[in-house]
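*Asks:* Each protein sequence line maps, in turn, to chains W and H.
The UniProt record's numbering numbers the first residue of the first sequence as 1 and each following residue consecutively.
The UniProt record's numbering numbers the first residue of the second sequence as 1 and each following residue consecutively.
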Amino acid sequence: MERVAIVGASMTRFGQRDAWVRELLAEAGAAALDDAGVDGDDLDHLYVSNMASGEFEGQTGVPNALAHDLAAQPAYTARIDQTSSSGGAGVYAAWQSVASGASDLTMLVGGEKMTHRTTAEATDVIASLTHPVEYKHGVTLPSFAGLTARLYLDEYDAPRESLGKVAVKNHENGVDNPHAQFRKEVDLDTVLDSPIVADPLRLYDFCPITDGSAALVFCPEPVAEEYAPDGSYAVISGIGGATDTHVVHERADPTTMGGVVDSSDIAYEMAGIGPDDVDVAELHDMFTILEFLQSEDLGFFEKGEGWKAVEEGVTDRDGDLPINTSGGLKSKGHPLGASGVAQVYEIFKQVTGDAGPRQVEADTGLACNVGGFGNCVTTTVLEGSQ
Amino acid sequence: MSDHESDETSGSDGGEPTFEAAEYADGTVTHPPHTVGPNGAERVGTVDLREYAGRVVTWTTSTATPPGVREPNTLAIVEFEMGDGYDGPPVRALGQIAKRDETGDAADGDGGEQFDVEIGDRVEPVYADELREPGAGIREPDSQDWDGFRFRPVE
Chain W
1 MERVAIVGAS MTRFGQRDAW VRELLAEAGA AALDDAGVDG DDLDHLYVSN MASGEFEGQT
61 GVPNALAHDL AAQPAYTARI DQTSSSGGAG VYAAWQSVAS GASDLTMLVG GEKMTHRTTA
121 EATDVIASLT HPVEYKHGVT LPSFAGLTAR LYLDEYDAPR ESLGKVAVKN HENGVDNPHA
181 QFRKEVDLDT VLDSPIVADP LRLYDFCPIT DGSAALVFCP EPVAEEYAPD GSYAVISGIG
241 GATDTHVVHE RADPTTMGGV VDSSDIAYEM AGIGPDDVDV AELHDMFTIL EFLQSEDLGF
301 FEKGEGWKAV EEGVTDRDGD LPINTSGGLK SKGHPLGASG VAQVYEIFKQ VTGDAGPRQV
361 EADTGLACNV GGFGNCVTTT VLEGSQ
Chain H
1 MSDHESDETS GSDGGEPTFE AAEYADGTVT HPPHTVGPNG AERVGTVDLR EYAGRVVTWT
61 TSTATPPGVR EPNTLAIVEF EMGDGYDGPP VRALGQIAKR DETGDAADGD GGEQFDVEIG
121 DRVEPVYADE LREPGAGIRE PDSQDWDGFR FRPVE
């Protein structure tokens with residue numbers, strides 16, 4: 001199996017955008033092609049990660065639309081929908097296309113247009129992934145987070161403030177990200193005094209609704225220097241995908257995300273590393289509680305200890321294991337199909353030494369992209385070329 | 001609606017609604033029912049969860065609810081006590097917490113004062129013929145049922 005390199009990357013500004021999904025995808029796609037120094041018609045495969053462009057704006061067939069807009073015909077195209085983990089699943093598909101030898105040059109573009117919908121409408125589109133016995137009770141992804149946060153705080157004797165500190169940290173990181181939706185710090189009192197959304201979680205425990213797009217260009221590692229002669233490429237040293245139950249209450253331990261455990265086991269084994277070898281990580285902090293769960297289920301911290309790492313500053317940008325240097329979904333925003341791609345974009349920037357003011361010392365980075373409430377997960381490990 | 005989607009109540013034929021879970025050949029029980037059990041075992045029967053005591057595993061009150069859902073919406077995950085003879089995975093359900101009417105009993109509709117629950121509280125299911133307004137949200141109204149069981153504390 002061929003090792004796969006990433007030789008081009010881009011992302012649009014995340015936030016409330018006038019552009020619609022086709023335009024957002026084209027903006028990121030054109031920039032990534034430019035970054036890799038290639039044209040659309042150089043691509044063998046073109047994938048689009050997108051959860052719900054049909055439901056959000058009545059636009060389907062986005063991969064073919066993008067191929068036309070970027071003059072990428074006759075590239076093979078496919079849309080990758082895995083709800084909030086569509087981006088990670090797209091990384092997996094793009095990696096697979098090159099690793100298998102089916103494609104010598106693949107581009108993945110993830111994007112979503114959401115902000116023209118009300119919060120209630122957008123929440124319902126996302127909640128439509130739930131099982132009928134969940135949906136009819138009015139469950140939403142934020143309410144899953146509230147249910148899990150209460151149980152976690154109770155089981156592990158964690159203070160409510162520790163969740164708020166995730167939001168404070170990630171907003172602080174987002175200040176230095178020119179693509180982030182929110183580039184402003186928040187203090188702990190603001191988080192803890194914000195309106196309740198799903199008790200015990202409050203407004204600042206949740207990521208915003210976002211428009212945006214991100215893109216990556218993949219090729220076999222042996223030819224990576226043809227596209228990145230200065231060595232500014234990264235290698236996917238490990239990648240794993242896994243699922244957990246569709247029905248959230250059927251999990252043995254509701255505070256454990258089995259898909260995170262299983263996908264990271266696969267990715268670590270492929271990369272030949274363990275969690276202690278990871279220098280920087282982007283986790284799917286759609287809700288603050290998810291940063292605790294994933295940091296534990298990835299093996300960074302013992303079960304029930306993730307909150308202590310945040311309290312002790314371990315996951316700060318200048319800590320031993322920086323988490324969400326991009327600002328995370330919390331500050332950067334969460335345009336569903338784009339988020340997993342943007343996570344890998346941040347790790348690509350970190351391991352190639354191109355993260356600007358967000359730069360940390362990192363040879364190996366990890367991105368964990370979660371769909372549903374841990375229903376589907378892709379974990380990707382990147383290593384810098386130098 | 002297919003048999004697979006008629007997965008919680010079985011009273012639509014005029015009989016008393018039951019809180020339906022599936023039993024599989026290896027003795028495990030799940031709610032909702034699935035085609036096969038968690039270990040791949042064949043589905044062999046049903047269990048009515050109204051016959052078992054339940055305890056609150058966790059709960060939340062959601063204040064930002066989607067179209068057609070009561071606001072606020074208090075939800076709980078409830079685990080059923082299946083007895084000493086049961087050694088399968090935990091049997092749980094997610095459901096709304098009921099509201100009380102003027103008499104203190106569980107209200108049929110969305111009016112009334114919310115029952116309070118805490119982790120570990122004993123609860124019992126109470127039937128509601130409409131948990132959420134069909135058609136108000138994105139899901140096709142005919143694709144699933146909309147009745148089911150809320151929970152109220154056992155005094």
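Note that the Cβ used here is the ideal one computed from N, Cα and C, for glycine as well.
Any beta carbon from chain W within less than 9 Å of Ala-76 of chain H's own beta carbon?
*Replies:* yes
*Asks:* For Asp-320 of chain W, which residues from the same chain have a beta carbon less than 6 Å from its beta carbon, with the 5 sequence-adjacent residues on both sides left out?
*Replies:* Val-314
*Asks:* Going by C-alpha distance, which of W:Glu-185, W:Ala-180, W:Leu-151 is nearest Val-166 of chain W?
*Replies:* W:Glu-185
*Asks:* With a threshold of 9 Å between beta-carbons, can Arg-150 of chain W be considered close to chain H, or not?
*Replies:* So yes, Arg-150 of chain W belongs to the interface.
*Asks:* Once you ignore the five residues that flank Gln-59 of chain W on each side, which residues in its own chain have a CB closer than 6 Å to its CB?
*Replies:* Answer for Gln-59 of chain W: Val-21, Ser-53, listed in chain order.
*Asks:* May I have the straight-line CA-CA distance separating Val-44 of chain H from Gly-88 of chain H, to the nearest angstrom?
*Replies:* 15 Å
*Asks:* For a minimum of 3 consecutive residues, which ranges assigned as the beta strand (DSSP E) are wholly contained in the region 206-261 of chain W?
*Replies:* Within the region 206-261 of chain W, the complete beta strand (DSSP E) runs of at least 3 residues are 212-220, 234-243.
*Asks:* Name, please, each residue of chain W whose Cβ falls closer than 8 Å to the Cβ of Gly-148 of chain H.
*Replies:* Val-133, Lys-136, His-137
*Asks:* Which class does Thr-115 of chain W belong to by DSSP, given the choice of helix, strand or coil?
*Replies:* Under the three-state reduction of DSSP output, Thr-115 of chain W falls in the coil class, being neither helix nor strand.
*Asks:* Below 8 Å between beta carbons is the criterion; list the residues of the region 79-96 of chain H that meet it against any residue of chain W, in chain order.
*Replies:* Pro-89, Pro-90, Arg-92, Ala-93, Leu-94, Gly-95, Gln-96
*Asks:* Against chain W, with Cβ distances strictly below 9 Å, would Gln-144 of chain H count as a contact?
*Replies:* yes
*Asks:* State the DSSP-derived secondary structure class of Pro-142 of chain W, mapped to helix, strand or coil.
*Replies:* helix
*Asks:* Measure how close the beta-carbons of Phe-292 of chain W and Leu-201 of chain W come, nearest whole angstrom, since I'm counting them as under 8 Å.
*Replies:* With a Cβ gap of about 12 Å, Phe-292 of chain W and Leu-201 of chain W do not count as contacting.
*Asks:* Check whether the region 292-308 of chain W and the region 201-219 of chain W are in contact - that is, three or more C-beta pairs closer than 8 Å.
*Replies:* no
*Asks:* Is DSSP giving His-73 of chain W helix, strand or coil here?
*Replies:* The amino acid at residue 73 of chain W is misidentified as His; the sequence shows Gln. Correct three-state label for Gln-73 of chain W: coil.
*Asks:* In terms of residue numbering, what span does the beta strand (DSSP E) encompassing Pro-125 of chain H cover?
*Replies:* 122-128
*Asks:* So Val-69 of chain H contacts chain W; which residues on that side make the cut at Cβ distance below 8 Å?
*Replies:* One finds Gly-138 in chain W with Cβ atoms closer than 8 Å to the Cβ of Val-69 of chain H, taken in chain order.
*Asks:* Which stretch, first to last residue, makes up the alpha helix (DSSP H) that contains Gly-328 of chain W?
*Replies:* 328-332
*Asks:* Is it true that the region 125-139 of chain H meets the region 58-71 of chain H, where meeting means three or more beta-carbon pairs spaced less than 8 Å apart?
*Replies:* yes
*Asks:* Please classify Ala-93 of chain H: does DSSP put it in a helix, a strand, or coil?
*Replies:* strand
*Asks:* Does chain W have any CB closer than 9 Å to the CB of Arg-132 of chain H?
*Replies:* yes
*Asks:* What's the gap between the Cα of Gly-299 of chain W and the Cα of Val-91 of chain W?
*Replies:* 22 Å
*Asks:* How would you label Met-51 of chain W, buried or exposed, when you count the other beta carbons within 10 angstroms and need 16 or more for buried?
*Replies:* buried
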